[in-house]
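Engineer:
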Amino acid sequence: MSTYKLDYLDQLESEAIHIMREVAGQFERPALLFSGGKDSITLVHLARKAFRPGKFPFPLVHIDTGHNFQEALDFRDWLAESLGEKLIVRYVEDTIREKKLKEPTGRNASRNALQTFTLLDTIEEFEFDACIGGARRDEEKARAKERVFSVRDEFGSWDPKLQRPELWNIYNGKIHKGENVRVFPISNWTELDVWNYIKRENIALPGIYFAHERELILRDGKLLATAKGVIQIEETDQIVTRKVRFRTVGDISCTAAVESDADTLEAAIAEIQATRISERGETRIDDQVSEAAMEDRKKGGYF
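For the sequence shown, our numbering assigns the number -12 to the initial residue and increments by one for each residue that follows.
(1) Between the Cα of Gly121 and the Cα atoms of Tyr158, Leu210 and Ser137, which residue gives the shortest distance?
(2) Compare the C-alpha of Asn55 against each of Gln260, Lys230, Ala249 and Ala214 and name the closest.
(3) Where Ile204 and Val245 are concerned, what is the direct C-alpha to C-alpha distance, given to the nearest angstrom?
(4) Does DSSP put His163 in a helix, a strand or coil?
(5) Can you give, in chain order, each stretch of the alpha helix (DSSP H) that sits fully within the segment 212 to 270 and has at least 4 residues?
(6) So Ala34 and Leu19 are supposed to be a Cβ contact under 8 Å. How far apart are they, rounded?
(7) Could you check what DSSP says for Ser137 in three-state terms: helix, strand or coil?
(8) Between Gly216, Ile226 and Arg232, which lies nearest to Gly53 when the distance is taken from Cα to Cα?
(9) Are the CB atoms of Glu153 and Val135 within a distance shorter than 7 Å?
(10) Between the Cα of Ala212 and the Cα atoms of Glu222, Arg201 and Glu221, which residue gives the shortest distance?
(11) Closer than 7 Å by C-beta to Phe115: which residues in its own chain qualify, once you throw out the five before and the five after it? Chain order, please.
(12) Does the count of Cβ pairs from the segment 102 to 109 and the segment 71 to 84 closer than 8 Å reach three?
(13) Which same chain residues end up closer than 8 Å to Arg151 when comparing Cβ atoms and leaving out the 5 residues on each side of it in sequence?
(14) If you count every other CB in all the chains shown that lies within 10 Å of the CB of Pro193, and 16 or more means buried, which is it?
(15) Quick one: what's got a C-beta closer than 8 Å to Lys36's C-beta in the same chain, skipping five residues either side?
(16) Where do the N-terminal and C-terminal ends of the alpha helix (DSSP H) with Arg187 fall, by residue?
(17) What residue range does the alpha helix (DSSP H) around Ile204 cover?
(18) Quick one: Cα of Ala67 to Cα of Leu47, how far?
(19) Can Ala117 and Val79 be called in contact, C-beta distance under 7 Å?
(20) Is the Cβ-Cβ distance between Ala191 and Asp250 less than 7 Å?
(21) Helix, strand or coil for Tyr78? Go by DSSP, reduced to three states.
(22) So which of Ala255, Ile259 and Gln219 has the shortest CA-CA distance to Pro311?
(23) Does the beta-carbon distance from Pro147 to Ile6 come in below 7 Å?
(24) Roughly how many whole angstroms lie between the Cα atoms of Leu70 and Arg63?
(25) Taking the beta carbon of Ile157 as the centre, do at least 16 other beta carbons fall within 10 Å, making it buried, or is it exposed?
(26) Could you tell me whether the Cβ atoms of Glu141 and Glu266 are closer together than 7 Å?
(27) Comparing C-alpha positions only, which one of Leu(-4), Phe14 and Arg94 sits nearest to His163?
(28) Going along the chain, which residues of its own chain have a beta-carbon closer than 6 Å to the beta-carbon of Arg130, five neighbours each way excluded?
(29) Answer with buried or exposed for Glu9, where buried requires no fewer than 16 other C-beta atoms within 10 angstroms of its C-beta.
(30) Going by Cα to Cα distance, which pick from Ala59, Leu(-7), His49 and Ile50 is closest to Lys25?
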C-alpha cells in the first residue's frame, strides 16, 4: 500500500494555507499587510494557492513610512496590479502632519515607531478585525513569544502574558468589539525556509535582495543606503561603493546591507546556510536600541 508523504516545505505551506483559510472563515474584515519584501511576497503567493481562482478575501495594505526602498515600492505596485487585487496605502507622513507628531531626529533616527499610529488609524478607518503579517519566530526574541493568532486590545496593545493556547493547530479568533488579531501564517518558518520556498515556487523578488554595486554610507561598521533627506551624512561617515545585497528590506534609515556576491537564488541560499547571525541581528539598527526594543514597540501596537 502506497503512502503519501509531504516534505518539510509542503508541511509549512499546508499549515500557512490552513491559517489563511481560518482567517477568511473566522473574520469579517481581514487585511494582508504587504510591503514588497520577501516575507510578504511569500504570503501573497500562499494566498494565491489558498483562494484562487477566486479573489482574495482581503485587501493588501501597506503602511508607507516614506523611507522605504524604491525597489520594494515598485515591486509592491507591480505585483498588486498584476494580480488584480486591491492595494490600500496609508502614509506615516500624513499621520505626522495630522496628529502633529514629533519625528525622531539625530543619529540613526527612524520613523519605525511612528508606523504604529498610522497602522492603528488604518485599522480603525477600515474596521479591520484581523491583519495578516509575515513575521517569523526566528527573526527576533519578542516575535518568538507570539502566537499565530495574536490578540490585540482596543488600543492595539499586545500583552505577552495574555495569549491563547493553540493546541492541535486550533486557532481561536473570537474577539470583542474594538479588538483585533494579528495573524502570522509563516511564524514557524525560518529565513532559510522562505528562501528555499521562493526557489521551489519560482517566486519573483525585487533585485535589491541580490548582489549589486551600490553607493553606501559606512557608519559604525554598517553599510547604509544613501538617500537624500532620510539619512544625514556625518563627519565620521564614509561614502563607499560596495557590492552588496539586503537580507531584509525595512526602512532605509535602519536597514543595513551585507557585502555579498550572491546574485542568484542558489548563491543567496548558500550564503544564508553559512551565516550564524540572524537577518535582523545583522542588518536592523532599530532592534539594537535596547534589549527589549522590538517587544516595547509591539506592546504599543507595532506589528
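Cβ coordinates follow ideal geometry from the N, Cα and C atoms, glycine included.
Structural biologist: Looking at the atomic coordinates:
(1) Ser137
(2) Ala214
(3) 12 Å
(4) coil
(5) 252 to 261 and 266 to 270
(6) 6 Å
(7) strand
(8) Gly216
(9) yes
(10) Arg201
(11) Arg16, Pro17, Ala18 and Asn167
(12) yes
(13) Arg134, Phe136, Val138 and Asn159
(14) buried
(15) Glu0 and Ile4
(16) Glu178 to Glu188
(17) Premise fails: Ile204 lies in the beta strand (DSSP E), His199 to Arg206, not in any alpha helix (DSSP H).
(18) 8 Å
(19) no
(20) no
(21) strand
(22) Any property of residue 311 remains undetermined from this structure, which presents the chain solely from -12 to 290.
(23) no
(24) 11 Å
(25) exposed
(26) no
(27) Phe14
(28) Ala122 and Arg124
(29) buried
(30) Ala59
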